[in-house]
Structure formats: C-alpha cells, structure tokens
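Numbering (this note's numbering), first residue to last: 12 to 319.
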C-alpha cells in the first residue's frame, strides 16, 4: 500500500481552526495505536524484541561528533551545549513504508557510552517491532483521514508514528545529557523521567522541529531538569521559559509549520477515551525494553565501527 504523498508547497497556510482539526485527527487516530503497541511491548521478552531485528542488515557506528552548522539558528535561546560523540544504527530498509530515514542517532551524555549504546539499540528494536505489528494495519485504519492530511503541507500519520517511536529514545537522550538532579544511577534516572512523565511534558513545551534539529546539530539545552518542592523531577522553570520565548519568536517566521507550534504534539494530549497519553504509554514501553536490552547485553549484538 502506497504511503501518503507530501503535497507541493503551493497552498496557503492552514487557518487555526483547520490546524486544530488536523491536530485532533492525529491525536484520535494515533493515540489508540500508541497505547496498543506500548501494551504489546510491555509484555515482550528479549526473544520477542529480537524477532524482527534483522541484525545482519544493520550497521553500528560510534563516532566523534563535530557539531553541525545547519539548523543551529533554530535552537537559539534553547540549546546551548554540544555533544561530543554519538552512537548510530543505520542502513536497514523499512519493509512496510518508507517515510522515515532508516537511521538512529543517540548522543553520549553524562551517563556514558553504555547508556547511549543501549538507548540506540532499544530505539532500533522498537522501530522494527512497530514496523511488523502496526504499520500495515495503521495504513488501512487511517484511510478516512487521507484527504484531511493531503490537504495541507503535513506528513502522514504513519510517518509521524514512526518518527515518534524514535523521538522517545531521543527524548531520554536529551533529558539525560546532564546528570539528572540527585540521581547517579542511569536506570534510576530513566525511571524518574518516566514516572514524572517528562518526555510527554517535553512534547508540549518544546516548539515543533526542535528535537529533530538537536539530532541533526548535536546540541542540547543545559539545566533542563530540577527537583520540585516535594523532590519530584520536573522540567526546570528556566527551560520552560526558554521554550516559551522561542515559540513566540518562531511564530513570527513565515513558515507553515510555525502556525501549529503552540499546540504541542497531538499524541501528548489526553483523549476522551483514555487517561494515558500516547507518548506516556510509549515512554513506559521504552523503559521496559531498555531494561531488557541492558540486562541481557543485547546492544553488543551489533559491532560499532568508528567511521560513518
């Protein structure tokens, strides 16, 4: 079944009511799939996760990172630190669709190489599991929304879902770039991030395009996290203010995507039929899979070269 095609950039930008309709359609179409997929992942063991890994078709890279130039201007006021190295998994071909780039980049932060490598491999396993269990069926279920999505300069829901799986791993990478306040152990840091719903919160305050631009440039924000009065982990007030300021600045740009910036990620919003957002469900599933990868040393099934 063919992927939804992007429209040429010839239309006038969508009005706010039209964008809201699109955002709500994304949310209502994707959230049930996110929660269903996440539930399936939480019941998986190591063999299940590796069932569609096709390790003979992928390559791993551990490379020093020279910070990119393209896109840095979009991070002004938000990201102010540079990663120095990253793990990549690349060169597999998605079977059911071709809407997202077949590579993963996870940078090495405070918790070191092993955590970054495990984050990258966990992301890869979830993307290949998604490809098998969700993609073809999701195409059919979203047929009713095709005209709505084709009508504007937006990617299809299938692309957004696939990119969202990868974005969960990237969110953990960014949130753990520096030491999580008061937490030395990376496993405990991931649990605290998950329990407090920080990837979901991040999806609502960070302007569209920022996470992907961080992936491309190798930059990250400093002082993203803080402990609240009850010692709960939360996004720092300083970081939220930076995001709000950047969002206001971006709204002055003559770009279509800026008009949806204030709405946040649709799958990070609650629906009328679920108390759990799609992103929170995927965050918990990612934590489960990461624990399996870490406990069984699965990331070492790929050899990592130093060149890309």
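Don't be surprised by glycine CBs; every beta carbon is placed ideally from N, CA and C.
What is the DSSP secondary structure of residue 120, reduced to helix, strand or coil?
Residue 120 sits in coil when the DSSP states are folded into three classes, being neither helix nor strand.
Rounded to whole angstroms, what's the CA-CA distance from residue 233 to residue 121? Just pull it up for me.
12 angstroms
In this structure, what does DSSP give as the bridge partners for residue 93?
230
Measuring alpha carbon to alpha carbon, tell me which of 303, 94 and 67 ends up nearest residue 188.
94
Please check if any C-beta of chain D sits within less than 8 angstroms of the C-beta of residue 69.
Absent from the structure: chain D. Only one protein chain is present.
Could you tell me the alpha carbon to alpha carbon distance between residue 109 and residue 192, rounded to whole angstroms?
Bear in mind that the predicted position of residue 109 carries a pLDDT of just 43, short of 50, making it unreliable; the figure below should be weighed with that in mind. So the alpha carbons of these two residues sit roughly 39 angstroms apart.
Buried or exposed for residue 116, going by 16 or more other Cβ atoms inside 10 Å?
buried
With distance defined between alpha-carbon atoms, name the residue in 180, 141 and 91 nearest to residue 134.
180
From what residue to what residue does the alpha helix (DSSP H) around residue 202 run?
197–206
I'd like to know whether the C-beta atoms of residue 48 and residue 132 end up nearer to each other than 8 angstroms.
In this structure, residue 48 sits away from residue 132, with a CB-CB distance that is not shorter than 8 angstroms.
Name, in chain order, the residues that DSSP records as bridge partners for residue 244.
238
Under the criterion of a Cβ to heavy atom distance below 7 angstroms, does residue 180 qualify as lining the ligand HEM?
The ligand HEM is absent from the structure shown, which contains no ligands of any kind.
Does the distance from the C-beta atom of residue 317 to that of residue 73 stay below 8 angstroms?
yes
Leaving out the 5 sequence neighbours to the left and right, which residues in its chain are closer than 8 angstroms to residue 314 when beta-carbon positions are compared?
71
DSSP has residue 65 in a bridge; who is on the other side?
In the DSSP output, where bridge partners are listed per residue, residue 65 has none listed.
Note down the Cα distance separating residue 87 from residue 42, rounded to an integer number of angstroms.
32 angstroms
For the segment 206–216 against the segment 244–254, are there 3 or more C-beta pairs whose distance is under 8 angstroms?
yes
My output table needs one value for residue 308: the three-state DSSP class, helix, strand or coil.
coil
Give the secondary structure of residue 54 by DSSP, where H, G and I count as helix, E and B as strand, and everything else as coil.
coil
Please go through the same chain and pick out, in chain order, the residues whose beta-carbon is closer than 8 angstroms to the beta-carbon of residue 63, but skip the five residues on each side of it.
139, 140, 142 and 143
Under the three-state reduction of DSSP, which class applies to residue 191: helix, strand or coil?
Shown here, residue 191 sits in coil according to DSSP, grouped into three states, outside any helix or strand.
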